[in-house]
Structure formats: structure tokens, C-alpha cells
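Undergrad:
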Amino acid sequence: RVYKFMALIFRFNTFFAATVAALLFALFAHLSADGLVPAYDMNTWPYHRGFLARLLIAPIFLVAMVVRGDIWYFLRCCPRKVFLDKVCIHQVDAEKQRAAIERLPAFLLK
Numbered sequence: 019r020v021y022k023f024m025a026l027i028f029r030f031n032t033f034f035a036a037t038v039a040a041l042l043f044a045l046f047a048h049l050s051a052d053g054l055v056p057a058y059d060m061n062t063w064p065y066h067r068g069f070l071a072r073l074l075i076a077p078i079f080l081v082a083m084v085v086r087g088d089i090w091y092f093l094r095c096c097p098r099k100v101f102l103d104k105v106c107i108h109q110v111d112a113e114k115q116r117a118a119i120e121r122l123p124a125f126l127l128k
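Here the working numbering is used: the first residue of the sequence shown is 19, the next is one more, and so on.
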């Protein structure tokens, strides 16, 4: 289940997470250039380099990948979506299949 969850996250949330990370990276770069956030001085470079973006972008990307649906739901942009496929319902045993289909409304109301 973990691999399936990770595959679905990667497939459907990558663009959103990359966009969020890129926008925040640009913001951190601008704030570093203006001296509004901490930066370190490298003697080989004629300007200061910010470390805040390097420190935070990877965790921000990962969090955005995982919580994208929750963010949209919290902002009331779109309703929650549920992904169901044939793995969720038994395909061979008719009794298990019927029982799983009967429990779908309870699952969808969670």
C-alpha cells in the first residue's frame, strides 16, 4: 500500500509541489538578495549567498507532495477525491466482491 500511495502522490502532485517549491525558492532568493534573511559570505563570490532556500526547499517540496489534497480542501477550492480501483474490490470471490461493494458507501462517507 505504501508503494501505491507514493506512486499516486508522485503521479498527481509533482507539478503542484514543484510549483510551490519554485515560487518559494524565488521568494527566498529575492529576500536573500535584499538582505532580509540570513546569508553567508563567500570570499570567492562577489555577493552573499542565502542558505534558507537550500535548507527549506526540499522539505517544502515533500510536504506539498503529501498534503496537496488537504490544502485544496482547506481552502475550499475543490472537494476531496477518492481513488478506487479494482485492487480495492476482490475480483474473483463473488461473496467478497458483494460485501466490499456493500461497504463502499460507508468508506466514502469517512
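Glycine included, every Cβ here is placed at the ideal spot set by N, Cα and C.
#1: Using the C-alpha atoms, what's the distance from residue 119 back to residue 32?
#2: Any contact between the segment 72 to 89 and the segment 47 to 58? By contact I mean 3 or more CB pairs, one from each, below 8 Å.
#3: Secondary structure at residue 68, three-state DSSP: helix, strand or coil?
#4: Which same chain residues end up closer than 7 Å to residue 43 when comparing Cβ atoms and leaving out the 5 residues on each side of it in sequence?
#5: Between the alpha carbons of residue 20 and residue 34, how many angstroms are there, rounded?
TA: Per the coordinate set shown:
#1: For the purposes of this step, residue 32 is taken as residue 14 along the sequence shown, with counting starting at 1. For the purposes of this step, residue 119 is taken as residue 101 along the sequence shown, with counting starting at 1. Computed Cα separation, rounded: 32 Å.
#2: no
#3: Here residue 68 refers to the residue found at position 50 when the sequence shown is read from its first residue. Here residue 68 sits in strand by DSSP.
#4: Indexing the sequence shown from 1 puts residue 43 at position 25. For residue 43, where only same-chain residues beyond five positions count, the Cβ hits under 7 Å are 71, 75.
#5: For the purposes of this step, residue 20 is taken as the residue at position 2 of the sequence shown. For the purposes of this step, residue 34 is taken as the residue at position 16 of the sequence shown. Those two C-alpha atoms are separated by around 21 Å.
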